[in-house]
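Report on the structure given below.
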Amino acid sequence: MNRKVIQITAAALLFSLSPLILADEKVSMRANYFSDNTGTVVKSPAAEFVKDLFGGFEFGLRYSLDRVLIPPINSIQVRPTDGTTGASRPAGNADKTYAKNRSEIIATLSKDSYSASYYYSNELDYVGRMATIATNADFNRKNTNIAGSYSFGWDNIKPTGIDTALTKIAHNINATLTQAIGPKTIGRFGVDFAYLSGFQSNPYRIVRMQNVNIIPIENHPLQRLRGAFFAKLNHYFESKTALNFEYRFYADDWAILSNTMNMYYYQYMKENVLIRYRYRYYTQSASNFYQDIYTGQQAFMTGDYKMEAFSAHLFGLKVEYKLKKLLDDGFFSFLAGSTIDAKYERYFSSNDFTADIFQFGLVLNY
Amino acid sequence: MLKKTIIMFWLIFGLWALALAPGQPGVGSQAWDFTLESFDGEKVSLHDFSGKVVFLNFWASWCKPCGEEIPMLDMLQKVYMKEKFAVISVNVDNNKENALRFIEKHNIRVRSVWDKEKQVVASYDVETMPTSFILDGNGKIRYVHSGFKAEDYSRYKQEIENILGKKKRMKTKKRRPSRRQAYSEKR
Amino acid sequence: MREIFLLSFTGILLIIFGITFNGCVAIKPYERELLADRVMDFDSIDEERVMERHFLETREGSVGGHGGSGGGCACN
């Protein structure tokens, strides 16, 4: 784990010192620490860099590693927990902590208003891939921007201890409108649609049955149509503060409806210190095949907590410091504008789940 | 019904007309004169530079491409130091301190003025940040540049030399008259 | 399904509204100083969101609602 962190950091720094450095470039490193009340711990270092290439192209690369530790399963009737990254645990060695690495890489190439990206993630039993193309256009003297993207995803699932190879295909489209409403106000509105077909269950998760002698593995439908509408509004106040408000409505054909409200309040304390307060509220309905305990076998059954009705709150605080004074003079002055940040967030839901998230970041701007 | 349709048509047309670019001075038109205060405290007027090729640039400290362009204007000033050429950079920051900090940080030497009320930038109706106008010695706009990319620098030089080239005097060597010529003139 | 159709309709309507009535809003490029501030940029916390998405999409039944592009100083 430490070797991987060192490798990621070294690669990021090496790339950042490349003689190809031009304007508008960035190297950032983040470290995420997650722990929840089920005992799951996830440590995620990540590095990202953006570089201008010749011919007006811009290249971005992001690498992250999730080290997931899932606690022992106490009883076969208790739902196995998932790692924060979706990493699931097999049932074998249930009395031991299960450790898993998941790595993810995203490469993006863009020029003017077109971009293409490729996503690849890999863990022991799951390989995920996605290719995306996106474009955008400005209207009304750049007061209006319309963006669209299409993604195609194809995943391969090879559950541990199960001699079956499974696949999942996903099509995603997005359309977004960004509109400057005033010199201090800007809005963004959009829709997302996704169509998934293939394996969408957890191959290790069991379903809770009234008859404890029957222990089926969950079985979700093979098709899913998902859609979301979102609206965002940012407003800047005279007192060097800003409020960002987001709302999302989601619906799918498994009958899950959800509402999400997210608020960020920014405050400049000094010229180079920025504080951000955050509150998020989420509520969803249950899927049409969800039951807490099944009385008998059904075509579709789930043991997934994501399928039940619940609500959740998230509170957070982030502090960001601009490395201005340290970098204004001398050799490192070209890094002026770089920042370090630290954040803490607390998540808790009505289905008795709580989590603490810590994140540290270093962003070097050229 | 027809009356309502006509009113709706003109309403929608009017809204579209608002979206169209109004009067940015174009190539060939006369640049509008202005007087602004520089960051050194002196009054700077465009008509003071009559007879010179002027590179008029609108910029802001919060605009990244502007920050990339400004040091190149310094270079242009140095390259054409001996020519009848001047750079005027007009800053449109809300806060003068931000502009001053930027000028000090990048050691900017070109003449910079502050358009506090944003009246000059409004009269030139710039469509994007940064925007540059290259004026000839008579104050006529010869070239307009919206935005900035690194490769624009060589284009700027070419355009400035195009204008300067017409104003350059043809320098010829003064020849001594031949003996026969001098003798015939004497006679 | 009805909700999905409603979503589609609302989204398309908004986009048409945005294009058709954009003549009402004309913020000049030199008036965008505050819009260019990082705290007003929708995409400035994208890296943070990528990590957050890992967590939220394994705890909650919803995805999407992020979008991209546009805003900021609209320079160049």
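Residue numbers (this note's numbering), protein chains in the order written: chain R, 167 to 532; chain A, 730 to 916; chain H, 4 to 79.
We put the beta carbon where it would ideally sit given N, CA and C, even for glycine.
Values in this document were obtained by computation on a predicted structure and should not be read as measured data.
| Asked | Found |
| --- | --- |
| Under 8 Å Cβ-Cβ, which residues of chain R neighbour Ala29 of chain H? | Asn306, Arg307 and Asn309 |
| With a Cβ-Cβ cutoff of 8 Å, do Gly73 of chain H and Ala397 of chain R count as a contact? | no |
| State the Cα-Cα distance for the pair Pro369 of chain R and Cys795 of chain A, rounded to the nearest angstrom. | 55 Å |
| Per DSSP, Met429 of chain R forms a beta bridge with which residues? | R:Phe411 and R:Tyr445 |
| Tell me where the beta strand (DSSP E) around Ser269 of chain R begins and ends. | Tyr264 to Lys277 |
| Give, in chain order, every unbroken run of the beta strand (DSSP E) that is at least 3 residues long and sits entirely within the region 750-836 of chain A. | 764-767, 772-774, 782-788 and 814-820 |
| To the nearest angstrom, report how far apart Asp822 of chain A and Asp278 of chain R are at their CA atoms. | 27 Å |
| Please confirm if Pro794 of chain A has its CB atom under 8 Å from at least one CB of chain H. | yes |
| Verify whether the separation of the beta carbon atoms of Thr291 of chain R and Lys334 of chain R is less than 8 Å. | One point to set straight first is that residue 291 of chain R is Asp, not Thr, in the sequence displayed. Taking 8 Å as the Cβ cut-off, Asp291 of chain R and Lys334 of chain R do not qualify as a contacting pair. |
| Which first and last residues belong to the alpha helix (DSSP H) in which Glu51 of chain H is found? | Asp49 to Arg62 |
| Given a cut-off of 8 Å, decide if Leu483 of chain R and Ile506 of chain R are closer than it, judged by their beta-carbon atoms. | no |
| What are the boundary residues of the alpha helix (DSSP H) that includes Gln848 of chain A? | Gln848 to Ser852 |
| For chain C, find out if any of its Cβ atoms is closer than 8 Å to the Cβ of Glu36 of chain H; answer yes or no. | The structure shown has no chain C; the protein chains it does contain are R, A and H. |
| Could you name the residues that DSSP lists as bridge partners for Leu391 of chain R? | R:Tyr361 |
| In this structure, how does DSSP classify Pro32 of chain H when only helix, strand and coil are distinguished? | helix |
| Are the CB atoms of Glu289 of chain R and Asn267 of chain R within a distance shorter than 8 Å? | yes |
| Is the shortest distance between the beta-carbon of Trp761 of chain A and the beta-carbons of chain H less than 8 Å? | no |
| Excluding five sequence neighbours on each side, which residues of the same chain lie with their C-beta closer than 8 Å to the C-beta of Phe466 of chain R? | Asn385, His386, Pro387 and Phe455 |
| At the level of alpha carbons, what is the spacing between Asn203 of chain R and Ala521 of chain R? | 6 Å |
| Leu231 of chain R by DSSP, collapsed to three states: which one? | strand |
| Consider the Cβ of Ala408 of chain R: report whether some Cβ of chain H lies at a distance smaller than 8 Å. | yes |
| Beta carbon of Gly876 of chain A: closer than 7 Å to some heavy atom of the ligand NAP? | You won't find the ligand NAP in this model; it holds no ligand whatsoever. |
| Which same chain residues, not among the five before or five after Phe225 of chain R, have their C-beta less than 6 Å away from its C-beta? | Lys217, Leu219 and Leu275 |
| Taking 8 Å as the cut-off, decide whether the C-beta atoms of Gln457 of chain R and Ser65 of chain H are in contact. | no |
| Can you tell me whether Glu157 of chain R is helix, strand or coil according to DSSP? | Here chain R has residues from 167 to 532 only, and residue 157 of chain R is not among them. |
| Does the separation of the CB atoms of Tyr430 of chain R and Arg444 of chain R fall below 8 Å? | yes |
| State the Cα-Cα distance for the pair Tyr33 of chain H and Phe318 of chain R, rounded to the nearest angstrom. | 39 Å |
| In chain H, what lies closer than 7 Å to Pro387 of chain R by C-beta? | Per Cβ cutoff of 7 Å: no residues; Pro387 of chain R is ~14 Å from chain H at best. |
| Using a C-beta cutoff of 8 Å, does Cys76 of chain H count as contacting chain A? | yes |
| Applying the 10 Å Cβ sphere with the 16-neighbour rule, what's the burial state of Trp761 of chain A? | exposed |
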